[in-house]
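Protein chains: 2
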Amino acid sequence: MRKKPASKPYLRTYRLQPENQETPIHFLQADTVNHPLFYRRNHFSYPSLSYSNYWLSINGFVAKPVLLSIQDLLQLPSKKGQVVLECAGNKRSLFHPKVFGEQWEKGAISQGVWKGVPLRILLEAAGVKKGAKEVVVEGYDYEKKTDLDEVHTYTRSLPIEKAFHPDTIIAYEYNHQPIPFKHGYPLRLIVPQWYAMASVKWIKQITVIDDHYAGPFQSVDYMYYPHKETNKVAFPVTHINVNSTIQKPLNMDILNTGTHVVRGIAWTGKGVITKVEISFDRGQTWLMAQKELARTGYGWVSWLYEWKAEKKGEYTIMSRAVDSYGRIQPAAPFWNRKGYGYNAIDQIEVKVE
Amino acid sequence: MRKKPASKPYLRTYRLQPENQETPIHFLQADTVNHPLFYRRNHFSYPSLSYSNYWLSINGFVAKPVLLSIQDLLQLPSKKGQVVLECAGNKRSLFHPKVFGEQWEKGAISQGVWKGVPLRILLEAAGVKKGAKEVVVEGYDYEKKTDLDEVHTYTRSLPIEKAFHPDTIIAYEYNHQPIPFKHGYPLRLIVPQWYAMASVKWIKQITVIDDHYAGPFQSVDYMYYPHKETNKVAFPVTHINVNSTIQKPLNMDILNTGTHVVRGIAWTGKGVITKVEISFDRGQTWLMAQKELARTGYGWVSWLYEWKAEKKGEYTIMSRAVDSYGRIQPAAPFWNRKGYGYNAIDQIEVKVE
Numbered sequence: 003m004r005k006k007p008a009s010k011p012y013l014r015t016y017r018l019q020p021e022n023q024e025t026p027i028h029f030l031q032a033d034t035v036n037h038p039l040f041y042r043r044n045h046f047s048y049p050s051l052s053y054s055n056y057w058l059s060i061n062g063f064v065a066k067p068v069l070l071s072i073q074d075l076l077q078l079p080s081k082k083g084q085v086v087l088e089c090a091g092n093k094r095s096l097f098h099p100k101v102f103g104e105q106w107e108k109g110a111i112s113q114g115v116w117k118g119v120p121l122r123i124l125l126e127a128a129g130v131k132k133g134a135k136e137v138v139v140e141g142y143d144y145e146k147k148t149d150l151d152e153v154h155t156y157t158r159s160l161p162i163e164k165a166f167h168p169d170t171i172i173a174y175e176y177n178h179q180p181i182p183f184k185h186g187y188p189l190r191l192i193v194p195q196w197y198a199m200a201s202v203k204w205i206k207q208i209t210v211i212d213d214h215y216a217g218p219f220q221s222v223d224y225m226y227y228p229h230k231e232t233n234k235v236a237f238p239v240t241h242i243n244v245n246s247t248i249q250k251p252l253n254m255d256i257l258n259t260g261t262h263v264v265r266g267i268a269w270t271g272k273g274v275i276t277k278v279e280i281s282f283d284r285g286q287t288w289l290m291a292q293k294e295l296a297r298t299g300y301g302w303v304s305w306l307y308e309w310k311a312e313k314k315g316e317y318t319i320m321s322r323a324v325d326s327y328g329r330i331q332p333a334a335p336f337w338n339r340k341g342y343g344y345n346a347i348d349q350i351e352v353k354v355e
Numbered sequence: 003m004r005k006k007p008a009s010k011p012y013l014r015t016y017r018l019q020p021e022n023q024e025t026p027i028h029f030l031q032a033d034t035v036n037h038p039l040f041y042r043r044n045h046f047s048y049p050s051l052s053y054s055n056y057w058l059s060i061n062g063f064v065a066k067p068v069l070l071s072i073q074d075l076l077q078l079p080s081k082k083g084q085v086v087l088e089c090a091g092n093k094r095s096l097f098h099p100k101v102f103g104e105q106w107e108k109g110a111i112s113q114g115v116w117k118g119v120p121l122r123i124l125l126e127a128a129g130v131k132k133g134a135k136e137v138v139v140e141g142y143d144y145e146k147k148t149d150l151d152e153v154h155t156y157t158r159s160l161p162i163e164k165a166f167h168p169d170t171i172i173a174y175e176y177n178h179q180p181i182p183f184k185h186g187y188p189l190r191l192i193v194p195q196w197y198a199m200a201s202v203k204w205i206k207q208i209t210v211i212d213d214h215y216a217g218p219f220q221s222v223d224y225m226y227y228p229h230k231e232t233n234k235v236a237f238p239v240t241h242i243n244v245n246s247t248i249q250k251p252l253n254m255d256i257l258n259t260g261t262h263v264v265r266g267i268a269w270t271g272k273g274v275i276t277k278v279e280i281s282f283d284r285g286q287t288w289l290m291a292q293k294e295l296a297r298t299g300y301g302w303v304s305w306l307y308e309w310k311a312e313k314k315g316e317y318t319i320m321s322r323a324v325d326s327y328g329r330i331q332p333a334a335p336f337w338n339r340k341g342y343g344y345n346a347i348d349q350i351e352v353k354v355e
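Protein chains in written order, with the numbering used here: chain A, 3 to 355; chain B, 3 to 355.
Structure below.
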């Protein structure tokens, strides 16, 4: 007898140049996403780096610029913890009217354990001058943007307070291994609780400024534009919205009558998840889901609900998360032209037969 | 300098038990789908087969039942050719109202070179009796269906004329190699021009009958049910509908002004593709696409259109194929409750900036 072959999930491909592929979030049970299934989101081609001559520079509005090797960094105090990284465009495909850009479904999100040196330690070593406003982090990846005629590196700034937050780190390990190249090797900024555009990969240099940085990845992209035709009242994408995703059953599944476990994840960028609820009547009544795995650090919560599906028919199942800041998933998403921050109540349809 | 890592497309995962994964059709340029990217569609778990004791039996309404080893089959005259296999549920996710079942996008389709013994040679060897109506082909895969309380093998019948068609083969090779296990090793029925539910994998036996076979995979599933609530006027799924898919650009892509190649495939289950047209004005006017690769055998046609996108703005791009039977893709799909045979004009939206 031949052994039955294993079946495994794969990343979902959106684009290869630059590489954009999604985590098969509906097929993961574990609390950590191993790196082959970690979603890949790039603005540009992968950069070429020289590792034999890699130095991290902290410069700009500081008393004494610092140049560190990876070995230097490894000697410094470190922090380690579970962090959810979610692309600001996660669930973009669900907006109506539809918006242009990568049509991410629900898997532009992953979590895992990141380890690195708190950015504040490096900033303190360089001596940030009084009046510093932002910390600019530049990646090695660069190219021409489709909407601008110049070449740009992928660069973003953090407000000085966020840069000094003790959990904002210059990471060198993911899941107890050096960071995989596609996720930022050798060094990646990790900004917990913000959408992942803030977590700059392949760090080239860190520059303190006494001004506001207005590069395209925070003045053109990663801005919420509430109107289709004008840029008025635009504002920047920062914290992750409170959110949840049903992993099982799958949308449009056909099930037997009997007990089914409805399972999923919930996460937030402010405080912690306090409650996840399920509805079988389009949101008229809500039932409490159980926690399956407690959150650690800035990770997500796994939840489940044992559903006795006794009656044949079609069902809508919804999930809704609440966080400790009192934020709750809305019935309708906040539509914005570039499709960021989708966090409407999650919803699937199933048929019991 | 480190070499930039390659990026490759993967199958898209819908389910692991049974395994249903889709070909990343938008990321393929080649005329043949290599087996790691060949879509996988199963009703049941993969079967366990004994290869050391594998015999193909042709029995039933015949003069003399025949039992053949694989070695016996390899001695017989063979046929080889390019064949499109398309799941009847390909593009199911595009129906509105939505239908239950696997939400295939546009990649439950593949093509490659199949080689095997014409079924008619085996039928002639067994001596089909006068009055034979159908040939039943049973696979080794079996399980309980969600909607029926019995265990069934995956079994379907062919009308006697289709079974005797010289291009209906008992295949033992795919792309010049033994058939990959997940695609039916050691023997798979290949029925060109029919949706792929007809091409039974892991053949266990072939039985000639003088009656109509009414197993669940041709009386419950793989029937077109035009009405949501009744089974009236249902009719079986057989030939592939005339169809086309735009592979490039991707839906909701953002492009530069300039020349872009619109590229895709077109195929049919009756005759050959005679024309592929493109529209940029929602179907008011149609422009002729060029053939990129000519079809061979029962393969698809690759086509392209050089599009000069000079003006910024949002565009709808449509593709429409016509076959030698005068069949043409309709503006609206033929809605049916189980979501088979979707073949409406293909359509994507892009933004030029």
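Think of the CB as a built atom: it goes at the ideal place given N, C-alpha and C, for glycine as much as any other residue.
Neighbour-count burial assignment, residue i, 16 or more Cβ in a 10 Å radius
i        : result
Pro99/A  : exposed
Met3/B   : Interpretation of Met3/B is limited by its pLDDT of 48, a score under 50 that renders its predicted location unreliable; the figure taken from the coordinates is listed afterwards. When all chains shown are included, Met3/B counts as exposed.
Gln220/A : buried
Val193/B : buried
Asp348/A : buried
Gln73/B  : exposed
His178/B : exposed
Gln77/A  : exposed
Leu150/B : exposed
Phe237/B : exposed
Arg14/A  : buried
Asn55/B  : exposed
Lys313/B : exposed
Gly260/A : exposed
Lys108/B : buried
Residue-level contact to chain A via CB, residue i, 8 Å cutoff
i        : result
Thr155/B : no
Asn345/B : no
Arg14/B  : yes
Pro26/B  : yes
Neighbour flag for residue i against chain B, beta carbons, 8 Å
i        : result
Val256/A : The sequence shown places Ile at residue 256/A, rather than the Val named in the question. Answer yes: the Cβ-Cβ gap between Ile256/A and chain B drops below 8 Å somewhere.
Gln105/A : yes
Glu21/A  : yes
Met3/A   : Since pLDDT at Met3/A reaches only 48, below the 50 mark, its modelled position is unreliable, and the value read off the structure follows with that caveat. Taking Cβ atoms only, chain B reaches closer than 8 Å to Met3/A, which makes this a yes.
Paired residues, beta bridge with residue i - DSSP
i        : result
Ser80/A  : Paired residues: none, contrary to the question.
Pro161/B : Glu136/B
Lys353/A : Ile256/A, Glu316/A
Trp196/A : His241/A
His262/A : Trp309/A
Asp151/A : According to DSSP, Asp151/A bridges with nothing at all.
Gln31/A  : Gln31/A is not bridged to any residue.
Ser50/B  : BP columns for Ser50/B are empty, so no partner.
Leu289/A : Ile280/A
Pro2/B   : Here chain B covers residues 3 to 355 and nothing more, so residue 2/B does not appear.
Residue i CB to nearest heavy atom of the ligand HEM below 7 Å
i       : result
Ser59/A : This structure simply doesn't include the ligand HEM, nor any ligand for that matter.
Chain-ordered neighbours of residue i on chain B, where CB pairs are closer than 7 Å
i        : result
Phe183/A : Pro7
Residues that residue i contacts on chain B, provided the C-beta gap is smaller than 8 Å
i       : result
Leu18/A : Ser9, Lys10, Pro11, Phe29
Chain A contact residues for residue i, given Cβ-Cβ distances below 8 Å
i        : result
Lys353/B : Phe102
Beta-carbon neighbours of residue i, restricted to chain B and to distances below 9 Å
i        : result
Asp149/A : Ile256, Asn258, Glu355
What residues from the region 77-91 of chain A come within 7 Å of chain D, judged by C-beta to C-beta, listed N to C? Among the chains of the structure shown, chain D does not appear; the protein chains present are A and B.
Any residues in the region 236-256 of chain A with a beta carbon nearer than 8 Å to a beta carbon of chain B? Which ones, in chain order? Leu252, Asn253, Met254, Asp255, Ile256
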